[in-house]
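Adding 1 to a residue's 1-based position in the sequence shown gives its number in our numbering. For every residue, glycine included, the Cβ atom is placed at its ideal position computed from N, Cα and C.
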Amino acid sequence: MSEEKNYWRIIDFAAQVGKHYNTVDSWFKKLEEKRIHYIQRTTETDEKVYDQTDLMIAQHIVTYREKKWSLDSIFDDLPNHCELRPFPNDEVKNESHVIDMKAITTELSNIYEQIAITRFNQMRDELTHELKKEILRSIPQPPSRQERITDWITMQRIQSHLESEAIDLWMEKPDSDRIKKAWFGLRKEEDLNKRDQFIKKYVASHLHDRLQKEFYNDGDDH
């Protein structure tokens with residue numbers, strides 16, 4: 002009996018790898034740009050899907066990134082370690098078709114600047130069904146609900162870590178900075194208002210950099 006093959010969308014695939022989906026997606030985009038490895042697509046929606054072959058490649062990249070290898074070095078060395086998926090035979094045809102599409106889109110843009118909106122709408126209606134479909138496909142899709150949830154969870158986790166760091170730093174401060182006198186100077190207690198302000202200021206000053214590092218830490222080696 003043949004073994005059932007697993008396929009994953011980018012969110013689930015990134016979970017298998019143990020990295021953020023933005024990072025994993027950037028790896029495989031670069032592999033395709035360098036024509037090293039091709040990612041399979043669904044017939045119906047042309048959505049990228051990943052299988053065990055892709056997972057082996059991603060795990061190899063993670064291992065060598067932990068060894069401080071650059072992405073370019075890892076990509077160049079991949080053929081010596083992993084099975085790579087070749088590009089379809091019609092890839093060259095598709096590339097020339099994309100070039101034609103860009104030329105047509107540029108021409109339409111120039112026409113739009115020279116003629117009235119009503120005339121442009123008439124010409125747009127005369128485009129072939131295939132051209133319309135290609136233009137729509139080129140428009141970036143908005144983040145899915147799952148992607149938004151994943152990003153929200155990531156942000157909450159980072160904010161919680163920053164708050165913990167801030168509390169640790171606050172506790173390292175001398176008593177003169179943390180303690181205030183209460184009950185007409187008869188009792189000493191922690192200055193909670195001052196502590197809260199310290200934590201908020203620490204989180205606000207570090208949150209942007211931590212989010213950048215989390216979402217794009219492996220997207221570029223420059």
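Q.
Helix, strand or coil, according to DSSP, for R86 in the structure here?
A. coil
Q: Kindly provide the ranges of any beta strand (DSSP E) runs that are 3 or more residues long and lie completely inside the segment 157-210, ordered along the chain.
A: 180-183 and 188-191
Q) At a cut-off of 7 Å, is D152 close to the ligand SAH when judged by its beta-carbon and the heavy atoms of the ligand? A) In the structure on display, the ligand SAH does not appear, and there are no ligands present to speak of.
Q) Taking just the CA atoms, how far does L56 sit from K94? A) Bear in mind that the predicted position of K94 carries a pLDDT of just 45, short of 50, making it too unreliable to give a figure here.
Q. Which residue or residues does DSSP assign as beta-bridge partners of R42?
A. Paired residue(s): K49.
Q. DSSP on S3, reduced to helix/strand/coil?
A. With a pLDDT of only 45 at S3, under 50, the local geometry of the prediction cannot be trusted, and the value read off the model is given with reservation. Of the three classes helix, strand and coil, the one that applies to S3 here is coil, per DSSP.
Q. Which of the three DSSP states, helix, strand or coil, is assigned to W70?
A. Assigned with DSSP and collapsed to three states, W70 falls in coil, not helix or strand.
Q: List the residues that DSSP assigns as beta-bridge partners of W9.
A: Y51
Q: Please look up how many angstroms separate the CB atoms of Q40 and K49, rounded, as I've assumed it's under 8 Å.
A: Note on identity: in this sequence residue 40 is Ile, with Gln being the wrong assignment. Between K49 and I40 the Cβ distance is about 5 Å, and since that is below 8 Å, they are a contact.
Q.
In whole angstroms, give me the CA-to-CA distance for R42 and K174.
A. 56 Å
Q. Using CA coordinates, which residue listed in D197, T151 and I200 is at the minimum distance from I11?
A. Comparing Cα positions, the closest option is T151.
Q) So, using beta-carbon positions, are Y8 and Y51 closer together than 8 Å? A) In contact: Y8 and Y51 (Cβ atoms closer than 8 Å).
Q: Compare the C-alpha of K201 against each of R179, A167 and F216 and name the closest.
A: A167
Q. Buried or exposed: where does S97 fall if 16 or more other Cβ atoms within 10 Å of its Cβ makes it buried?
A. Low confidence applies to S97: its pLDDT is 42, below 50, so where it sits in the model is not reliable, and the reading given next is rough at best. When all chains shown are included, S97 counts as exposed.
Q.
Using the Cβ count rule (16 or more neighbours within 10 Å means buried), how would you classify I100?
A. The pLDDT assigned to I100 is 44, lower than 50, so where the model puts this residue is not dependable; a value taken from the coordinates is nonetheless given after this. Exposed, since its Cβ has fewer than 16 Cβ neighbours within 10 Å.
**Q.** Alpha-carbon spacing of D210 relative to T155, whole angstroms
**A.** 14 Å
Q.
I need the DSSP call for S145, collapsed to helix, strand or coil.
A. Under the three-state reduction of DSSP, S145 is assigned to coil, being neither helix nor strand.
Q) Where does H82 land, buried or exposed, given buried means 16+ other C-beta within 10 angstroms? A) exposed
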